[in-house]
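Working notes, beginning with the structure itself.
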Ligand code: NDP
Ligand code: HSE
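In my numbering, the protein residues as written are 1 to 456.
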C-alpha cells in the first residue's frame, strides 16, 4: 500500500492570498469588457485563480477618449511599457502588429505570462513569440484569437493531443458570416450588412481584413499549426474573401438548396512526390463555399462561428458559439487569464510551442473538391452539349446541371440561359483548365461564377 503524499501548498498561498498584477493593454470592444469583469467579479475570480487578480492599469492610445464611467480614471495610462514592467500577467487587446509585438516580447522576457486575442500578430510572428515565451518560462495564451468565445484552442491543444486530427473546417469570421447571412435571409445589400456588423463590434478596425478573408486566414493558420503540430504561417494559407460574392450567387445558391459560407479549411493531404512516393502535407485555405442547407454549418447564423474537427479516434466534433463581440471574446480572454494565473501561482507555466514537426505545406493543387460553375449562354440548340464536352475532355464529372431560361419564347433561339453545373470532386488544375476552355467557347457569353462546394 502506498502512503499518500500531501503536496505542499505554494509559498505564495501560505501567507496572505497572493496578488497577481494584471496589465491590460487596450480598452476597446474587448478590453473594456475584460476590465469590467476583472473589477466586477474579483472575488469569484480570486477563488478560481488562487490569487487576487489586481487590475494594475489600462494602457490606451488616447487618454481623453470617452470611457465606461465604471472604470476608474486613475487606471488609465498611455505609458504601456511602464505598465507592462509593473505586471505579473499582461492581457494584450490593442490589436495590430506594433506596438503589440514589442510589448508582448517585453512582458515574456521579464517572465510575465501574456494572454492575447491578436490573431493577426500570431499568424505573422507566432513561432518567434512562442519560442521567446518558452525560453523565459512564461506562457502566451490565445483562446480568444480564434472563434471568439468558443473554446477551440484548448480542446485542440490539450483534449485532442493524444489523437490525430486530419481536418478542421470552420466558420471563423463573424463579420462575414453576418454579412452573408443578412444577404441570404433579408436580401440586404453587402454595404448595409457590413455597416451593421461594424456597429455591433464584430468587424476589425479595418474591415478589409474581414471581408477579404485575411482575418479568417490568420485563424486558419493558427488552427492548422495546433491541429497538425507544424508551423503554418499566414502566407501558407490560400485566401479568397467574400467581396466577389454577388446577390445573384446568393439567389442561385438558394434556388439550388445551397447556402454560401466563408469557410476556413485545414486538412492533411497526400500528394505524389518525386519518384511517385506519397508525401503527407498540410493544405490550408479560406474561400466562399457552397454548402447544402441541411449541412450543420449551414445553420450557423449571424455572427456565430462553428468549427468542425475530424480526428482519427474521436471522429467528428463540432464547436459552436459567438465568434466575435466584446463580452463573448472577453469570456475567452478571462478563461486564459484564470488558467494562466493558476499555473503562475503553482510556479509551473505550460509550454506554448506545440509544433513538434515540419510538414510540407501543399498548395490547393493537392486538394480535390466539388465546384459550382455558373454560365450565361444563348438559349440555342447544341450549346449544352458543347459545354458538357469540355468537362468530359478534362475528366471533370458533372453531378448536376440546372438551367434558367430568360426570354419570351424558350427554345426559339432568341433568349438567354443561365446554366449552373455542380461537379463531382475534381482537382483545382483540371477545374481551372475546364473553366478556361469553357470561357473560350463561342457559345458561352460569360462565366458568371466559380465556387467550391463542400458537404455534397
Ligand atoms: P478596438 O479597436 O476596439 O480597441 C483597441 C484598443 O487598443 C483601444 O482601447 C486603443 O486605444 C488601444 N490601442 C490601440 N493601439 C494602441 C497603442 N499604440 N497604444 C496604446 N493603446 C492602443 O479592438 P478590439 O477590442 O475589437 O480588438 C482587440 C483585439 O482582440 C484585436 O487583436 C482583435 O483582433 C481581437 N479580437 C477582437 C474581437 C472582436 O469581436 N472585437 C474578437 C476576437 C479577437 P484607444 O481606445 O485610446 O483608441
Ligand atoms: N472581426 C472578427 C470577426 C472578430 O468578425 O470574426 C473576431 O475575431
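C-beta atoms are modelled at their ideal positions from N, C-alpha and C, and glycine is treated no differently.
If you reduce the DSSP assignment to three classes, tell me which class residue i lands in.
i	result
residue 304	strand
residue 127	helix
residue 357	coil
residue 420	strand
residue 33	helix
residue 6	At residue 6, the pLDDT of 40 sits below 50, so the modelled position is not reliable; the number obtained from the coordinates is stated separately. It is coil, neither helix nor strand.
residue 269	strand
residue 322	strand
residue 93	coil
residue 18	coil
residue 296	helix
residue 53	strand
residue 445	coil
residue 452	strand
residue 43	helix
residue 277	coil
Please find out if some non-hydrogen atom of ligand 1 comes closer than 7 Å to the beta-carbon of residue i.
i	result
residue 27	yes
residue 329	yes
residue 348	no
residue 61	yes
residue 22	no
residue 226	no
residue 151	no
residue 118	yes
Where does residue i land, buried or exposed, given buried means 16+ other C-beta within 10 angstroms?
i	result
residue 301	exposed
residue 118	buried
residue 442	exposed
residue 33	buried
residue 305	buried
residue 356	exposed
residue 16	For residue 16, the predicted model reports a pLDDT of 47, less than 50, meaning its position is unreliable; a value from the coordinates is still stated below. Answer is exposed; the Cβ neighbour count stays below 16.
residue 37	buried
residue 452	buried
residue 4	With a pLDDT of 39 at residue 4, under the threshold of 50, the predicted position of this residue should be treated as unreliable, though the coordinate-derived value follows. With fewer than 16 other Cβ atoms within 10 Å, it is exposed.
Would the C-beta of residue i count as close to ligand 2, meaning under 7 Å from any of its heavy atoms?
i	result
residue 204	yes
residue 289	no
residue 324	yes
residue 79	no
residue 41	no
residue 187	no
residue 173	yes
residue 181	no
residue 302	no
residue 95	no
Which stretch, first to last residue, makes up the alpha helix (DSSP H) that contains residue i?
i	result
residue 214	214-228
residue 245	From DSSP, residue 245 is part of no alpha helix (DSSP H); its letter is neither H nor E.
residue 66	Per DSSP, residue 66 belongs to no alpha helix (DSSP H) and is neither H nor E.
residue 107	100-109
residue 428	428-439
residue 81	80-85
If I follow the unbroken beta strand (DSSP E) through residue i, where does it start and stop?
i	result
residue 116	113-116
Complete beta strand (DSSP E) runs within the region 330-407 (minimum length 3 residues, chain order): 368-378 and 398-406
Tell me the start and end of each unbroken alpha helix (DSSP H) in the region 134-213 that is at least 4 residues and wholly inside, in chain order. 174-185, 190-199 and 208-211
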